[in-house]
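4 protein chains.
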Amino acid sequence: MIRFECDYAEGCHPKILEALQKTNFEQTCGYGLDPHSKKAEELIKKACENEDARVYLVSGGTQANKVVIAQVLRPHQGVVSVEGGHIAHHEAGAIESSGHKVVTLKPENGKLKAETLKAYLADYWADDTHEHIVQSGMVYISSPTELGTVYTKAELSALHNVCREYNIPLYLDGARLGYGFASKDNDLTLADLSRVTDIFYIGGTKVGALFGEAIVFNGDKGLDQDFRSLIKQNGAMLAKGRILGIQFEELFKDNLYFDISRKAVEQAERIKKAFLSKGYKLWIDSPTNQQFPILPKDAINKLKEKFAFLIWPDTGEPKLITRFCTSWATKDEDVDKLIDEINKL
Amino acid sequence: MIRFECDYAEGCHPKILEALQKTNFEQTCGYGLDPHSKKAEELIKKACENEDARVYLVSGGTQANKVVIAQVLRPHQGVVSVEGGHIAHHEAGAIESSGHKVVTLKPENGKLKAETLKAYLADYWADDTHEHIVQSGMVYISSPTELGTVYTKAELSALHNVCREYNIPLYLDGARLGYGFASKDNDLTLADLSRVTDIFYIGGTKVGALFGEAIVFNGDKGLDQDFRSLIKQNGAMLAKGRILGIQFEELFKDNLYFDISRKAVEQAERIKKAFLSKGYKLWIDSPTNQQFPILPKDAINKLKEKFAFLIWPDTGEPKLITRFCTSWATKDEDVDKLIDEINKL
Amino acid sequence: MIRFECDYAEGCHPKILEALQKTNFEQTCGYGLDPHSKKAEELIKKACENEDARVYLVSGGTQANKVVIAQVLRPHQGVVSVEGGHIAHHEAGAIESSGHKVVTLKPENGKLKAETLKAYLADYWADDTHEHIVQSGMVYISSPTELGTVYTKAELSALHNVCREYNIPLYLDGARLGYGFASKDNDLTLADLSRVTDIFYIGGTKVGALFGEAIVFNGDKGLDQDFRSLIKQNGAMLAKGRILGIQFEELFKDNLYFDISRKAVEQAERIKKAFLSKGYKLWIDSPTNQQFPILPKDAINKLKEKFAFLIWPDTGEPKLITRFCTSWATKDEDVDKLIDEINKL
Amino acid sequence: MIRFECDYAEGCHPKILEALQKTNFEQTCGYGLDPHSKKAEELIKKACENEDARVYLVSGGTQANKVVIAQVLRPHQGVVSVEGGHIAHHEAGAIESSGHKVVTLKPENGKLKAETLKAYLADYWADDTHEHIVQSGMVYISSPTELGTVYTKAELSALHNVCREYNIPLYLDGARLGYGFASKDNDLTLADLSRVTDIFYIGGTKVGALFGEAIVFNGDKGLDQDFRSLIKQNGAMLAKGRILGIQFEELFKDNLYFDISRKAVEQAERIKKAFLSKGYKLWIDSPTNQQFPILPKDAINKLKEKFAFLIWPDTGEPKLITRFCTSWATKDEDVDKLIDEINKL
């Protein structure tokens, strides 16, 4: 069985294991104050071309989202997300467990449009019972989105402008950020991202690390006040913080993070092309590492014999949406095998 | 600088790195449902001699405590701990952030006595305003304690009996559990522990792992209902759950967890002996990997030149309490060097 | 200015003031354990024809909802509501502030259909990632709904059956319960309601009391365990609990609650008829004390000179939805004046 | 049975009932935005001689504490209180249920000393692990305290200075504030209080109202931003907010609040004197409406036949601490009867 069902099926990039090996008996202080964590933070700030950024390493995406949102919101505030956003649907109520509503708006192609946000906020403040309604205290988006689409610089700027107008931070969940940068639709650098958001995180778990995400605060200095206490309180601070530091050091020296992402997206494009060549339609034209062909059930059954991938619930229709993921770890030969089978369908 | 300041200064036991290397390109499903996690759970159940136990792997101690306590308590309930217990003092309000008070009782040698607990609970229920007071819904202890002391089987049984009388679970934080088992004061096996507590966790972070703790539910089957959802909600579920599985597999096959703990405690005993031989007193006679000599300031200053260790705040007294920790990673030669310097004081 | 904008514009029914006067210097114990609270609870149980019911008096509707939901749910659970349900929209995030998501489903005429609920729950449990999604732990409905519609006995039974199938309680918010019973669409008694829900509350604030709601638990005995502690914790327990007791005593002796509700609904029907006679359409045909005529802007402007009522946001359409409320306190002469003006439009 | 067990055994001052009667059919808008609430707020600001104060009326003391504390603290912060403070002990975990630890310090005569606070805060910030420890984000005191003692102007100024040094607000719970002002130990006016605290509340429930407390923000303007949303979220906002407004209007016009308090304290002093004359000792020399004679068990049993009062748990000692409360409603003749019985002991 070859797995294309997710982008976290393997361990980590060999360079990371090598670095863990090499540093294993170094003695460092704990809780992310060690030299490796400091070095990783510096490398990330440099990649962001932002000396004023503050970088924090945590062990997972749900934690990153939960801690950042708890950090920013006051008790009566909620966070805006698109319907189907990861925090709105797939984090077991993590945000609500911190006391905050996830306010959902309709997406377009998985993305929140600036107009949608602006109209919502304008209506909220025009409503004279708004004291009785959850106030939006920040905006959450992800890029790539749950549908694999990416925000353009113009789209992010427009959103950021609305956020600034209403004085609320814009936060971008970059669980698959590398695959976004590697996309043909991408027109952003990390430095751009650092200008058009207030906070974002660089996903490690899905892009080469064993686990770990790097949260970057770009916005005003007050935004991350005492953030380490919130990380600790939420169980997101590793005693051996260096393990996160070592991983991000590897990912951000010599461009590794971007190189492995590019490879994964190239493989995804090959898979997409194979499906299209056979005349299958796509649910959405994703330019990143997730591909969503719509397949007849017999094709699905055939592919299931050799490959693992996600299949949408059977609604009685003859064709179903599927998802095939590549990652930094996807082997060329496995993609070849998949394409062979697609061609044989 | 040689570090004796904590038991998480290094990476992990080489066998774990080896296993991570060997399994790195295996493809598994995520979120702790993979074969390595399953295998680790089986090994732990076997070590507990308890086929009915349920084992869950999470990434850190604060998470383990936070998730277990959130799982068990109802909103009006709090958790009993000794004053100075880890959840009471050093977790940045993690328990309160889930809505629950930590009710603190006086310890003896760092331990909660069954009599103290019983008297407290009896008084609580006798108070006719108890509806206005936080109800104790579970009891938290740690062994080894923050002072390095360990509970005996009799002490745990007595506590467990009080808990059963009041129908509340007894939970043991085993962040340093291995060092407890290796202590000369220990009269417990893991199987005993599984009988005299309802829930406990086996600490990996401080005993050989990169990170990770194994939570064991021994008590009634309802106790861990939907526990995986709470793990997810609290950001304690790794996408690549196998990384935890692989680590605990290594620790619990071939007795590794116990062997490396024994070594650490032997080294701590050597250090203790060296201090005692020089006529220094101990703050507490700890039989585990933490040692607490009371040292004059000039001795402290001398040792600080070459070694890192904890020093209690200066209260103006001529002598201060200090803490020296060993761990699975402590090298004989480093202990030798420390003892040399102690002898030269 | 005559107010038809809400059903809480006046104080309370004169009999309540009289009773407060008469009992003012009685000395009682506090926190709802006094004889008046006990008497009120007995009267309500009798009205419910349910000796096993447990009744609790709290001071407001948001409190009732917040405390009941916090009582029932475990941390990973949410409460199902229709979109636009009071807890989903108009309680400033009260439910989320207790850690729980409000899961919203599409209503029909403001009501949750059993089929909608069943389909949602079936899909949830069929989804093999459901551990990552908030679990529905109870169902919240209100009757009358936010649109003034009422549930029939058959609709409630159908919902209750789905709830029982999934082993989750059905909770009915009865902020305007009296007006529901007085509706021509009603086929329920309080005794019926006590059979087809697990928990409901009888609204006092909007039906004759100064403030106060009576929560009734019909379901299994464990459901309200330690509920008084949760009431206290949420600030919903009055020191002088008797004030709530005295009010519900008055409302539930001699049928007062039902009599004053009937009067209010009769007046609402008169107002509806006046609008219909003039050819205006209704947004929804509400059989209770809230009426929703759709009016041209000039009619609105004319009526606004003498009457207060709610007007939906101006969307650029020539006609807007409005809401006119009656209550136990509405005077015949004020309704006459309104009808006069309607006729003059 | 004559009750001296608490200060909330009766209804309310007759003038309040009269005002409720007189205003009963006035129509007002809801949620505390009505003219009576506005008038009450003005009267209180005037009594505080503080035009910049912001006043909010809520329905109970636990609510006042819970909402104010939730308003001020960030997630990693706790509130400092003395051991035995009302929020620390008698509010069923209300503060923790909002996510915040109550950090307790030792009192003197029920009061928090500025030196104690300063030492604690200095130690906290000197501790280099303080990120792992709950940060103190505000200070809670009550005056009168749980022991009936009152803070002097000098004591409050000293506390306030420490708070300002650490940039955290000082909050005073004035559940029995009137009885404090009426005390012979008092050297404060309401205007003074408004200068030496950042937030306080004026208790109505125990001082003449049916229920209700008036929260006053004196400190910087940001402190109460969006406070009405938090009031709503916590269920502390009455739909008929005017009921609170009407009550505080009565209490603060013509000095009623102070006059009725004075009477209660005079009666308490008479009771104290009677006990002292008979040679009984006091647990604490309270200058307010709560008196704490230490009585032999036979005296207790004798008095219990005719009077209700609190008795501390029987610890086996021959004498027990008791508490006798007076209030605005205490009748001279009832005090006479009590003194008669004391004299007969």
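Protein chains in written order, with our numbering: chain A, 31 to 375; chain B, 31 to 375; chain C, 31 to 375; chain D, 31 to 375. For each residue, glycine too, the CB sits at the ideal point set by N, CA and C.
1) Taking DSSP as the reference, what is the three-state secondary structure of PRO174 of chain A?
2) Between VAL98 of chain D and TYR201 of chain D, how many whole angstroms is the CB-CB distance? I'm expecting something under 8 Å.
3) Using beta carbons (cut-off 8 Å, strictly below), is PHE241 of chain B in contact with chain A?
4) Nearest CA to the CA of GLY123 of chain A: which residue from C:VAL133, C:LEU268 and C:HIS116?
5) Nearest-angstrom Cα distance between THR159 of chain A and GLY252 of chain C?
6) 8 Å is my cut-off, CB to CB: does GLY129 of chain B come that close to chain C?
7) State the DSSP-derived secondary structure class of ARG225 of chain D, mapped to helix, strand or coil.
8) So who's on the other strand from ILE245 of chain B, going by DSSP bridges?
9) Opposite TYR201 of chain C in the DSSP bridges: which residues?
10) Which class does SER111 of chain C belong to by DSSP, given the choice of helix, strand or coil?
11) Output the distance between the C-alpha atoms of ILE351 of chain C and ALA329 of chain C, rounded to the nearest integer angstrom.
12) Closer than 8 Å by beta-carbon distance: list the chain B residues that pair up with ALA122 of chain D, in chain order.
13) Assuming THR352 of chain D is part of the beta strand (DSSP E), what are its boundary residues?
14) Using only CA atoms, which one of D:VAL295, D:LEU368, D:THR360 and D:PRO44 lies nearest to PRO174 of chain D?
15) Return no unless some Cβ of chain A is closer than 8 Å to the Cβ of SER259 of chain D.
16) With contact counted as at least three CB pairs below 8 Å, one residue from each stretch, are the stretch 87-97 of chain C and the stretch 87-101 of chain A in contact?
17) Hey, is ALA269 of chain D's beta-carbon within less than 8 Å of any beta-carbon in chain A?
18) Evaluate the contact criterion for the stretch 315-324 of chain B versus the stretch 207-214 of chain B: three or more CB pairs, one atom per stretch, below 8 Å.
19) State yes or no: is the beta carbon of CYS36 of chain B nearer than 8 Å to at least one beta carbon in chain A?
20) CB ILE261 of chain D to CB TYR86 of chain D, shorter than 8 Å?
21) My assumption, with CB atoms under 8 Å, is that CYS42 of chain D sits in contact with ALA304 of chain D. Please give the rounded CB distance.
22) Just mark SER111 of chain A as buried or exposed, buried being the case when its beta carbon has 16 or more other beta carbons within 10 Å.
23) Does the beta-carbon distance from TYR38 of chain C to MET267 of chain C come in below 8 Å?
24) Output the boundary residues of the beta strand (DSSP E) element that contains VAL132 of chain D.
25) Let me check understanding here. Comparing Cα to Cα, which of B:ALA269, B:GLN255 and B:PHE257 lies closest to GLU243 of chain A?
26) Please tell me whether, using a cut-off of 7 Å, the distance from the CB of ARG84 of chain A to the nearest non-hydrogen atom of the ligand GTP is below it.
27) Spell out a yes or no on whether the stretch 106-121 of chain C and the stretch 277-296 of chain C are touching, meaning 3 or more CB-CB pairs, one atom from each, closer than 8 Å.
28) Between LYS308 of chain C and LEU375 of chain C, how many whole angstroms is the CB-CB distance? I'm expecting something under 8 Å.
29) Report back the beta-carbon spacing between ILE301 of chain A and LEU368 of chain A to the nearest angstrom; my notes put them in contact at under 8 Å.
30) Sorted by chain position, which residues of the same chain lie with C-beta nearer than 8 Å to THR8 of chain A's C-beta, five sequence neighbours on each side aside?
31) Considering LEU325 of chain A, what are the terminal residues of the beta strand (DSSP E) in which it resides?
32) When DSSP builds the beta bridges, which residues end up paired with ARG33 of chain D?
33) Between which two residues does the alpha helix (DSSP H) carrying GLU81 of chain A extend?
34) By the three-class DSSP mapping on this structure, what secondary structure does LYS302 of chain A have?
35) So what's LYS96 of chain B in DSSP terms, helix, strand or just coil?
Straight from the coordinates:
1) coil
2) 6 Å
3) True, the Cβ-Cβ gap to chain A drops below 8 Å.
4) Checked all of C:VAL133, C:LEU268 and C:HIS116; the closest Cα to GLY123 of chain A is C:VAL133.
5) 37 Å
6) yes
7) DSSP places ARG225 of chain D in helix when its eight states are reduced to three.
8) Beta-bridge pairing links ILE245 of chain B to B:TYR86 and B:TYR231.
9) C:TYR170 and C:ILE229
10) strand
11) Spanning the two alpha carbons is a distance of roughly 12 Å.
12) HIS106, GLU161, HIS162, ILE163 and VAL164
13) 349-355
14) D:VAL295
15) yes
16) With the cut-off at 8 Å, the stretch 87-97 of chain C and the stretch 87-101 of chain A do not touch.
17) Closer than 8 Å: no.
18) The stretch 315-324 of chain B, when compared against the stretch 207-214 of chain B, does touch it at the 8 Å Cβ threshold.
19) yes
20) yes
21) Not a contact, Cβ separation roughly 28 Å.
22) buried
23) no
24) 132-135
25) For GLU243 of chain A, the closest of B:ALA269, B:GLN255 and B:PHE257 by C-alpha to C-alpha distance is B:ALA269.
26) Here there are no bound small molecules, and the ligand GTP is not part of this structure.
27) No: fewer than three Cβ pairs fall under 8 Å.
28) 6 Å
29) 6 Å
30) Residue 8 of chain A lies beyond the stretch modelled for chain A, which goes from 31 to 375, so this question has no answer here.
31) 323-326
32) D:ALA338
33) Taken as a continuous stretch (DSSP letters only), GLU81 of chain A belongs to no alpha helix (DSSP H), as it is neither H nor E.
34) Helix, per DSSP.
35) It is helical.
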